[in-house]
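S.K.:
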Amino acid sequence: MPWLPLLVLLVTVLLALLIFWIMGPGGAPVALVVAAIGLAIFALLQYWRRLMAKADTIDDRVATPADVDDLPRSPGFTIAEPGQDPTPAIGASDSVQAQRFKTGIRQARTLISATVAAADKAAQAEGPRAAISFASIARTVVDRINPDMTVPRRTLAGIKLPPRLAPLVVEQFLEPFAYPVFDVPMYKPLAAISSELFLPNLDLIPQNTVTLLETNQPFIEAYMVGLNHEFARELLWREYPTDQRGSYFRQFWDVSVYLDPAPSASADAQKEKLRDIPPLHRWSRASKLGDHDHREEGGAKEDEVVLTVRGELLKKYPNAVIYAHRARWQTTPNGSLDNTKERQLETLTATEEDAPPRSKVRAPLYEAKVDPDIYFFGFDLTAEAARGGKGDNPNDDPGWFFVIKERPGEPRFGFDVTKNANVHVWNDLAWDDVLPAAPGNGYVSIDNAMTAIEVIAPTAAEDQEKVEQHGDDVAVKWNKDMNAADVAYVLYQAPVMVAIHAAEMLRREGE
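In our numbering, the protein residues as written are 3 to 513.
1. In three-state terms, what does DSSP make of Arg131?
2. Spatial neighbours of Tyr491 within its chain, please: C-beta separation below 6 Å, excluding the five flanking residues on both sides.
3. Could you give the distance in angstroms between the alpha-carbon of Arg509 and the alpha-carbon of Trp402?
4. Which one of Ile376, Gln99, Pro77 has the shortest CA to CA distance from Ala91?
5. Return helix, strand or coil for Gly106, following the three-state DSSP convention.
6. Quick check on the DSSP output: what are the complete alpha helix (DSSP H) runs of length 4 or more inside the region 386-437, in order along the chain?
7. Is it buried or exposed for Tyr377, if we count other Cβ within 10 angstroms and need 16 for buried?
8. Going by alpha carbons, who is nearest to Leu351 out of Ala388, Ile502, Ser361?
9. So which of Asp69, Pro178, Gly313, Ala388 has the shortest CA-CA distance to Arg247?
10. Do you know offhand how far Ala125's Cα is from Pro281's?
11. Exposed or buried, Tyr225, counting other C-beta atoms within 10 Å across all chains shown (16 or more means buried)?
12. Between Thr334, Phe379, Thr349, which lies nearest to Arg312 when the distance is taken from Cα to Cα?
13. Ordered along the chain, which non-local residues of its own chain (more than five positions away) have a Cβ less than 6 Å from that of Pro67?
14. Give the straight-line distance between the Cα atoms of Ala121 and Leu158, rounded to the nearest whole angstrom.
15. Along the chain, where does the alpha helix (DSSP H) that runs through His327 open and close?
16. Mapping DSSP to helix, strand and coil, what is Ala486?
17. Please state the DSSP three-state secondary structure of Leu46.
18. So, under 8 Å CB-CB, Gln272 and Asp262 are touching, yes? Tell me the CB distance rounded to an integer number of Å.
19. Do you know whose CA, among Thr353, Gln471, Tyr242, Asp399, lies nearest His503's CA?
20. Taking the alpha helix (DSSP H) that Leu309 belongs to, which residues open and close that run?
21. Return the CA-CA distance between Thr244 and Arg328, expressed in angstroms with no decimal places.
22. Give the range of the beta strand (DSSP E) segment to which Phe378 is assigned.
23. Taking the CB atoms as reference points, tell me whether Asp475 and Trp428 lie closer together than 8 Å.
24. Using only alpha-carbon positions, find the residue among Leu214, Tyr494, Phe136, Arg414 that is nearest to Ala387.
25. Taking only the alpha-carbon atoms, compute the straight-line gap between His84 and Ser95 and give it to the nearest angstrom.
26. With DSSP as the reference, please indicate the residues paired to Ala504 in a beta bridge.
27. Give me the residue from Asp71, Thr117, Val498 with the minimum Cα distance to Val323.
28. Under DSSP, the alpha helix (DSSP H) around Glu236 begins and ends at which residues?
29. Could you pull the start and end residues of the beta strand (DSSP E) that Val144 belongs to?
30. So, are the CB atoms of Ser266 and Lys275 less than 8 Å apart?
31. For a test of the three-state rule: what should DSSP assign to Gly442, helix, strand or coil?
32. Can you check whether the CB of Thr217 is closer than 8 Å to the CB of Asp293?
33. For Lys162, which three-state DSSP category applies?
34. Which residue wins for smallest C-alpha separation from Glu412, given the options Asp430, Leu347, Ala496?
35. For my contact list, Val307 and Phe381 are in at a C-beta cut-off of 8 Å; report their separation, rounded to the angstrom.
36. Since Val363 contacts Tyr319 with CB under 8 Å, what's their CB separation in whole angstroms?
In structure tokens form, the structure reads like this:
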């Protein structure tokens with residue numbers, strides 16, 4: 003602080019004048035003593051300032067290239083050996099070595115100044131830097147000293163291969179000997195041993211429920227590798243001519259239900275498309291378990307969703323149609339997205355009804371069953387794609403519905419078990435409507451007791467179908483003159499379809 007000595011001198015003068023003014027001529031000795039002390043402090047501060055200035059001239063962190071010119075000159079300056087402490091005399095000029103030494107200092111300070119200026123400019127452009135987290139530093143240090151990383155790195159650094167051997171260290175995919183192939187879905191013997199091996203805690207799935215699960219591709223690949231390895235050992239033991247490199251089992255799921263929209267020309271090519279893993283002898287040494295999903299292009303890692311149904315539904319209706327149907331958002335009258343209403347099934351055009359595109363309808367890729375009543379249906383969808391977004395903006399994905407639909411080609415006849423509403427159409431007819439009021443033998447009496455269908459104006463959009471059906475049903479009268487066709491028409495049960503959106507079965511984190 004170059005102003006500090008001047009401040010001390012000013013304070014000293016003011017203090018001496020104040021003493022002389024208060025004490026008068028008798029205070030002159032005191033004022034002189036104060037002035038002497040102040041001047042001594044001033045001289046000491048000035049001396050220290052000169053020493054610091056000299057130190058700064060040789061400190062590369064604060065000195066500038068121009069400060070080199072203020073360094074003292076020494077005609078006897080020489081470069082000494084380490085350990086020597088020469089004290090060159092100060093004179094009017096510099097020796098050759100002193101001139102070269104000062105030139106080096108000047109150039110070094112020029113470089114330092116340019117570096118500091120560039121760093122300051124970059125810091126201004128980047129803005130304030132974030133504070134370093136101690137937890138992040140500790141985590142990084144622990145990771146770097148992990149023996150799993152340090153030991154292999156040090157070991158491999160000390161291994162040197164001769165140049166003649168380097169071309170030999172490559173992967174070679176050689177064709178194995180001829181081997182038998184089994185197309186049996188290998189989840190079945192695994193589940194036969196124990197359902198816990200197929201899916202832990204499987205029995206905890208509640209009865210009569212529908213949910214979604216995700217596949218575990220690393221587990222499937224580990225199981226299939228072990229299965230092929232043990233079978234290769236068995237072949238060798240039984241003296242089968244083998245090099246133990248065959249892929250005897252490549253099918254984990256049952257793909258017999260898959261309906262391919264673009265089937266291959268040959269049966270063998272079609273089977274190859276549906277394999278769960280590629281041939282084992284083509285797996286890269288650098289690959290990991292989970293990298294070999296044969297149905298994904300390039301072996302992409304993508305866990306597929308599996309619709310899981312437990313209960314009596316599929317035991318009673320084993321031919322029910324199960325598929326995934328694209329959802330769509332409902333809109334407000336002005337055409338904007340309305341996420342307060344339930345999503346609906348994407349509409350299929352007339353040309354799409356016969357061959358729905360995969361962008362709107364997807365059939366299961368595979369299925370599995372664990373006795374007595376648990377069914378699995380795998381789809382080419384991820385959990386994120388199936389769930390979709392929340393509808394917070396128009397670009398949110400609406401997701402997918404999973405549909406269980408009664409097969410239209412398998413008609414059922416009968417009455418509703420319980421009466422839930424008035425009879426708007428014959429499909430609403432329940433046993434309570436047709437059984438005699440008095441106890442009897444339980445046979446339905448066809449008489450003139452019901453001559454018409456009661457019509458109630460619909461109050462909801464879903465009743466619109468009943469209004470349209472009523473126009474056909476009202477022509478059929480319940481009376482003793484009914485023929486077999488009329489009875490079949492009345493007893494016919496309309497096929498039922500249930501659509502459950504994936505968002506109702508999958509929760510996001512924090513929900």
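We put the beta carbon where it would ideally sit given N, CA and C, even for glycine.
It should be emphasised that the depicted structure is a prediction, and the values quoted were computed from it without experimental measurement.
M.R.: On the basis of the data shown:
1. Working through the sequence shown from its first residue, we reach residue 131 at position 129. Arg131: coil per DSSP, three-state reduction.
2. Here residue 491 refers to the residue found at position 489 when the sequence shown is read from its first residue. Val478.
3. Here residue 509 is taken as the residue at index 507 of the sequence shown, counted from 1. Here residue 402 is taken as the residue at index 400 of the sequence shown, counted from 1. Arg509 and Trp402 have their alpha carbons spaced roughly 14 Å apart.
4. Stepping through the sequence shown from its first residue, residue 91 is reached at position 89. Ala91 has its Cα closest to that of Pro77, out of Ile376, Gln99, Pro77.
5. On the sequence shown, residue 106 is found 104 positions in, with the first residue counted as 1. If DSSP states are grouped into helix, strand and coil, Gly106 belongs with the helices.
6. 433-436
7. Taking the sequence shown and counting its residues from 1, the one referred to as residue 377 is at position 375. Buried: at least 16 other Cβ atoms inside 10 Å.
8. Position 349 of the sequence shown holds residue 351. Here residue 351 turns out to be Thr, not Leu, going by the sequence shown. Among Ala388, Ile502, Ser361, the Cα nearest to that of Thr351 belongs to Ser361.
9. In the sequence shown, counting from the first residue as 1, residue 247 sits at position 245. Looking at the Cα atoms, Pro178 is the closest of the given residues.
10. Working through the sequence shown from its first residue, we reach residue 125 at position 123. Working through the sequence shown from its first residue, we reach residue 281 at position 279. Spanning the two alpha carbons is a distance of roughly 55 Å.
11. Walking along the sequence shown from the start, residue 225 turns up at place 223. Result: buried.
12. As a first step, residue 312 is located in the sequence shown; it is residue number 310 there, counting from the start. Checking every option, the nearest Cα to that of Arg312 belongs to Phe379.
13. Working through the sequence shown from its first residue, we reach residue 67 at position 65. Closer than 6 Å at the Cβ level, and outside the excluded window around Pro67, lie Arg108, Arg111, Thr112.
14. Taking the sequence shown and counting its residues from 1, one reaches residue 121 at position 119. Taking the sequence shown and counting its residues from 1, one reaches residue 158 at position 156. For Ala121 and Leu158, the distance between alpha carbons rounds to 38 Å.
15. By 1-based counting over the sequence shown, the position of residue 327 is 325. Segment 323-330 is the beta strand (DSSP E) holding His327; no alpha helix (DSSP H) there.
16. The residue labelled residue 486 in the question sits at position 484 within the sequence shown. Looking at Ala486 - three-state DSSP - the assignment turns out to be helix.
17. Translated into positions along the sequence shown, residue 46 becomes position 44. Helix at Leu46.
18. The residue you call residue 272 lines up with position 270 of the sequence shown. The residue you call residue 262 lines up with position 260 of the sequence shown. Rounded, the Cβ-Cβ distance is 7 Å, consistent with contact.
19. Along the sequence shown, one-based indexing puts residue 503 at 501. Per the Cα distances, Asp399.
20. Locating residue 309 in the sequence shown gives position 307, where the first residue counts as 1. Here Leu309 belongs to no alpha helix (DSSP H); instead the beta strand (DSSP E) covers 307-312.
21. Position 242 of the sequence shown, counted from the first residue, corresponds to residue 244. Position 326 of the sequence shown, counted from the first residue, corresponds to residue 328. Straight across, the Cα-Cα distance linking Thr244 with Arg328 is about 48 Å.
22. Locating residue 378 in the sequence shown gives position 376, where the first residue counts as 1. Counted as a single uninterrupted DSSP element, the beta strand (DSSP E) harbouring Phe378 occupies residues 376-380.
23. Looking up residue 475 in the sequence shown gives position 473. Looking up residue 428 in the sequence shown gives position 426. With contacts defined as CB atoms closer than 8 Å, Asp475 and Trp428 qualify as a contacting pair.
24. Here the question's residue 387 lines up with position 385 in the sequence shown. Ala387 has its Cα closest to that of Leu214, out of Leu214, Tyr494, Phe136, Arg414.
25. Looking up residue 84 in the sequence shown gives position 82. Looking up residue 95 in the sequence shown gives position 93. Just to set this straight, residue 84 is Pro in the shown sequence, not His. Taken atom to atom, the span from the alpha-carbon of Pro84 to that of Ser95 is near 25 Å.
26. As a working mapping, residue 504 is identified with position 502 in the sequence shown. The partner list for Ala504 (beta bridge, DSSP) is empty, contrary to what the question assumes.
27. To locate residue 323, count along the sequence shown from 1; it is residue 321. For Val323, the nearest C-alpha among the options comes from Val498.
28. Walking along the sequence shown from the start, residue 236 turns up at place 234. Counting along the chain, the alpha helix (DSSP H) containing Glu236 begins and ends at 219-239.
29. By 1-based counting over the sequence shown, the position of residue 144 is 142. Premise fails: Val144 lies in the alpha helix (DSSP H), 136-146, not in any beta strand (DSSP E).
30. Against the sequence shown, residue 266 aligns to sequence position 264. Against the sequence shown, residue 275 aligns to sequence position 273. Yes.
31. Within the sequence shown, numbered from 1, the residue matching residue 442 stands at position 440. Note that Gly442 scores 48 on pLDDT, short of 50, meaning its location in the model is unreliable and no value can be drawn from it.
32. In the sequence shown, the residue the question calls residue 293 occupies position 291. In the sequence shown, the residue the question calls residue 217 occupies position 215. Not in contact: Asp293 and Thr217 (Cβ atoms no closer than 8 Å).
33. By 1-based counting over the sequence shown, the position of residue 162 is 160. It is coil, neither helix nor strand.
34. What you label residue 412 is simply residue 410 of the sequence shown in a count that begins at 1. Residue Ala496 is the option with its Cα nearest to Glu412.
35. Taking the first residue of the sequence shown as 1, we reach residue 307 at position 305. Taking the first residue of the sequence shown as 1, we reach residue 381 at position 379. Going by Cβ atoms, the distance from Val307 to Phe381 rounds to 6 Å, so yes, they are a contact pair.
36. Here the question's residue 363 lines up with position 361 in the sequence shown. Here the question's residue 319 lines up with position 317 in the sequence shown. Not really, about 20 Å apart at Cβ, beyond 8 Å.
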